[in-house]
Structure formats: C-alpha cells, structure tokens
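Before any comments, here is the structure.
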Amino acid sequence: MTESPRSRREAESGPGPGADEEPQPREPDLPRTMKVRQKALRTGWTTGTCASAAAKAAADALATGHPAEAVEVALPSGQRVAFATERCALIAPDRAEAVVVKDAGDDPDVTDGAHITATVTRRGEPGVELDGGVGVGVVTRPGLGLELGGPAINPVPAQMIEQAVGEAADTASRGLRVVISVPEGEKMARKTTNARLGILGGISILGTTGVVRPFSTASWRASVEQAVSVMAAQGEDTLVLCTGGRTEKGATLRHPDLPQVCFVEVGDFTGAALRRALEYGLRRVVFVGMAGKLTKLASGVLMTHYTRSKVSTELLGEITRRVGGGEDAAAEVDAANTGRHAYEIWEREGLLETAGAELCRRVAGVLTRFAEGALEVEAAMVDFTGQHVVAAHPERP
Numbered sequence: 013m014t015e016s017p018r019s020r021r022e023a024e025s026g027p028g029p030g031a032d033e034e035p036q037p038r039e040p041d042l043p044r045t046m047k048v049r050q051k052a053l054r055t056g057w058t059t060g061t062c063a064s065a066a067a068k069a070a071a072d073a074l075a076t077g078h079p080a081e082a083v084e085v086a087l088p089s090g091q092r093v094a095f096a097t098e099r100c101a102l103i104a105p106d107r108a109e110a111v112v113v114k115d116a117g118d119d120p121d122v123t124d125g126a127h128i129t130a131t132v133t134r135r136g137e138p139g140v141e142l143d144g145g146v147g148v149g150v151v152t153r154p155g156l157g158l159e160l161g162g163p164a165i166n167p168v169p170a171q172m173i174e175q176a177v178g179e180a181a182d183t184a185s186r187g188l189r190v191v192i193s194v195p196e197g198e199k200m201a202r203k204t205t206n207a208r209l210g211i212l213g214g215i216s217i218l219g220t221t222g223v224v225r226p227f228s229t230a231s232w233r234a235s236v237e238q239a240v241s242v243m244a245a246q247g248e249d250t251l252v253l254c255t256g257g258r259t260e261k262g263a264t265l266r267h268p269d270l271p272q273v274c275f276v277e278v279g280d281f282t283g284a285a286l287r288r289a290l291e292y293g294l295r296r297v298v299f300v301g302m303a304g305k306l307t308k309l310a311s312g313v314l315m316t317h318y319t320r321s322k323v324s325t326e327l328l329g330e331i332t333r334r335v336g337g338g339e340d341a342a343a344e345v346d347a348a349n350t351g352r353h354a355y356e357i358w359e360r361e362g363l364l365e366t367a368g369a370e371l372c373r374r375v376a377g378v379l380t381r382f383a384e385g386a387l388e389v390e391a392a393m394v395d396f397t398g399q400h401v402v403a404a405h406p407e408r409p
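The numbering used here applies: residue 13 is where the sequence shown begins, and numbers increase by one.
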C-alpha cells in the first residue's frame, strides 16, 4: 500500500496538532536581515530629521543674513548628518524660510520627495515656539501623547528641531518661532491612517531615530500600537483587528455599530496589538482575516510575516477531517499549495462554513490563551473579496 503524504510527515516529524491539542501562542521576531534587507538598499531620513535641518538652515540664514546652502544636524543617537537645502532665503528682516527635500532612501514611504519647509521668525520671548503650517496635521483626538488642537509633530522631532535651531541662534536671549509646513502634505496624508487617528489636514512629523530603515517593520508595529492607544482614549472597549483593507470591509459590515476608530489594520503584528489592548484594559477583540493568516494564528503564531511562519495546510487537512470531510478531500487539503487553495477545496466540498468555523474557533482559542483569558475574543473569516464573512466563532445571533 502506498504511504500517504500525511502518514509520511507523521513518521518523520511526529503527529500534527490533534483535535484536542491547544498550540501555545508564540511570536517570533523578524530576523535582522529582514528588518534591513540584505540587498544594498539605501537608508533615508525621517520627516523629523528633514524638518530639523530645514529649521536650522532658516535660523542660520536669519542669524547671518545669508542663505544656508547646507547644514548639519544631530540625530537622537548623537550622529551628525549633513543636508543640502533645496531653497533658503531671507523673506523679511525678521523672517527666513528653508526647504529640505525628504529622501526616504529605498523605503516605500508616501512622504518621499516631500518639501519639508521651515519658516523661522524672531519673537520677543526667549526659547523656541514650534507650530505646524500647511500640510502638517492637527491633532483632534486624545491618545497620541500630543496636545489636542496642536500640530502632529511628535516629541522626538520636536526636540531635534529645538536643538538644531539652538545651534544656529542664541534662543536663550531672543527666541524664535518655527513653523513646519509640507506643501502637498494634505494629499499625502490620504494614503496614511492619520484621519482615522484624528490627525486632520496633513501628515505627521515623525521619527524616533531620525533614520528610515528600508522595509523596516518598526513603523508599522508602532502605527498599530498607536492606533490601539487612540481607540482606547476614545473610551471604546472593542478592538477589531483586520489584516488589510479588504478584510476591513467585511469587518465593518459585521460590526456596523462600531465607530471607525475601532478598526485597526494589524498586518503581521497581532501580538503587539493584543499586548497594547491588555495594557488599556479593553474588553473585547475581534480578529477578521482570510484563510492564510487565520491558519497561522490557529497554529499559535502571532507574528505572521512570511519569513517567520508558513501556512500549515496539514492543520487545515486535520480540520477537514474534524468536520466530517472525506479522506480524499482531507488529503487534497493536506497537499494544498496555499491557504486559499484549501479554502477553495472546502468551498467545492460544501465544507466552507463548518471548516471555516472550526478554524475561527482555533484562532479564538490561541488569542484567548495569549491574553490569559482577559479578553473576549471573536474570530471571523472573510472571502477573498473581503465583502462577505463566511465563517466565525462564536457565531453571532
């Protein structure tokens, strides 16, 4: 008799997770070579670093009476970096303006090429007054650690700007007002999550290191955590994690009663989102995804980047058997190429609803164990348009 692929795998590596086994949640970190890829990709500069360079150039022009063609600024690490100005000019005896063009390196950043502009004006009081102009967002919701009604300029960039300006002028004796603006910033912000976070009218001036690492996951992880913080600050207690834009469509149709701020595009960072939810004492988490991502979570993996986890079609084959599917169908699912392929087999065999519900049950179990029972958990699977929820656990009345 020919040995089945499933039997051969079990003989080589032991049996897969049984129906009653509960995989322990694990959250593998990305390898360093994926955080900054092995290819010779260029690093870039954050909007905060560019803003500090533009501000220093304008302050220097105001102090010397001559446009600055280049300036050097300090990063939070202490490293110093030189920037050329795109434009720098005295526009009045007590006012100067400078522009630095953001270079994001090889990172796919929506603000790459932005003209970060600083307008610096003398003022009577000592110190540096910082504000946002056209294209810099205004904070309208709590939870960001920024003043409501103030500019979306994060604390580290604000410190960098103040330090840079202080290197060009004696602000202790006569202060300066610095306004950061970004032409086209409002248009750029439409491609970000700013509006959902309550940052309206433009982009944020960001950066904790001053450097943009190509394809770094740090910014996405930070945006997920920030989104949960903003949601909690609104007094909401139900967090809906969506794996992307399509899954969010199904999530909003399933939970039309929840405000938009509750829906967070989590990407691969489910573990980070759950930890933040626990910090804020949220009551409930809903995870909405497609078959592949749900399978990784059901296997216990909460950091689901493709470099750190694979879709276990063997688990999906075991689910097929669990819900009464025939051995031929289960073996086909075992050998499926992708989670989507397994989904299509379930659909063809009339098992999609029952198998999908079992998959969601397992996901909910993993997330519940990760939260040590402190969160009510719901999991739902959408089709590949994202428009329809095809299975969920627990089922809603």
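The C-beta atom is built at its ideal place from N, Cα and C for all residues, glycine as well.
N-terminal and C-terminal residue of the alpha helix (DSSP H) that residue i is part of
i	result
Arg-373	364–382
Leu-327	325–334
Arg-360	351–360
Glu-407	Here Glu-407 belongs to no alpha helix (DSSP H), and DSSP marks it neither H nor E.
Ala-343	339–346
Backbone secondary structure at residue i - three-state DSSP
i	result
Met-302	coil
Pro-163	strand
Ser-193	strand
Gly-136	coil
Ala-52	Bear in mind that the predicted position of Ala-52 carries a pLDDT of just 47, short of 50, making it too unreliable to give a figure here.
Thr-129	strand
Asp-121	coil
Asp-115	coil
Thr-307	helix
Gly-213	coil
Leu-156	coil
Arg-107	strand
Thr-250	strand
Leu-286	helix
His-400	coil
Val-146	coil
Arg-233	helix
Val-278	coil
Arg-99	strand
Arg-208	helix
Glu-174	helix
Pro-43	Confidence at Pro-43 is low in this model, with a pLDDT of 47, below 50, so its placement is unreliable and the value that follows should be read with caution. Three-state DSSP puts Pro-43 in coil, outside helix and strand.
Glu-179	helix
Where the beta strand (DSSP E) through residue i begins and ends
i	result
Val-394	388–394
Leu-265	Careful: Leu-265 lies outside any beta strand (DSSP E), inside the alpha helix (DSSP H) at 257–266.
Ala-416	Outside the modelled stretch of the chain, which goes from 13 to 409, sits residue 416, for which no answer is possible.
Alpha-carbon spacing of residue i relative to residue j, whole angstroms
i	j	result
Trp-57	Val-132	21 angstroms
Arg-135	Arg-107	10 angstroms
Asp-280	Thr-55	23 angstroms
Gly-219	Leu-212	19 angstroms
Gly-362	Pro-35	27 angstroms
Gly-337	Trp-358	9 angstroms
Ala-170	Leu-314	34 angstroms
Cys-274	Gly-304	23 angstroms
Val-297	Ile-128	39 angstroms
Val-140	Val-276	36 angstroms
Ala-285	Ile-217	23 angstroms
Leu-371	Pro-271	27 angstroms
Glu-237	Arg-360	39 angstroms
Ser-16	Thr-366	Bear in mind that a pLDDT of 39 at Ser-16, under 50, signals an unreliable position, so the model cannot answer this.
Glu-407	Val-122	39 angstroms
Residue i Cβ short of 7 angstroms to the ligand PLP heavy atom set
i	result
Asp-395	The model on display carries no ligand, and the ligand PLP is accordingly not part of it.
Short CB-CB distance (under 8 angstroms) between residue i and chain C
i	result
Tyr-355	The structure shown has no chain C; it contains just one protein chain.
Measuring CB atoms only, is the segment 175–190 touching the segment 235–248, in the sense that at least three cross pairs come out at less than 8 angstroms? no
Contact between the segment 161–171 and the segment 110–123 (3+ Cβ pairs under 8 angstroms): no
Taking one C-beta from the segment 78–93 and one from the segment 190–208 each time, how about it: are there three or more such pairs within less than 8 angstroms? no
Which full runs of the beta strand (DSSP E) of 3+ residues lie inside the segment 50–86, going along the chain? 82–86
Contact between the segment 260–271 and the segment 390–398 (3+ Cβ pairs under 8 angstroms): yes
Is the segment 201–211 close to the segment 146–158, with three or more CB pairs under 8 angstroms? yes
Examine the Cβ distances between the segment 99–113 and the segment 59–79 and report whether three or more of them are shorter than 8 angstroms. yes
Using 8 angstroms as the Cβ pair cut-off and three pairs as the minimum, do the segment 375–391 and the segment 339–356 touch? no
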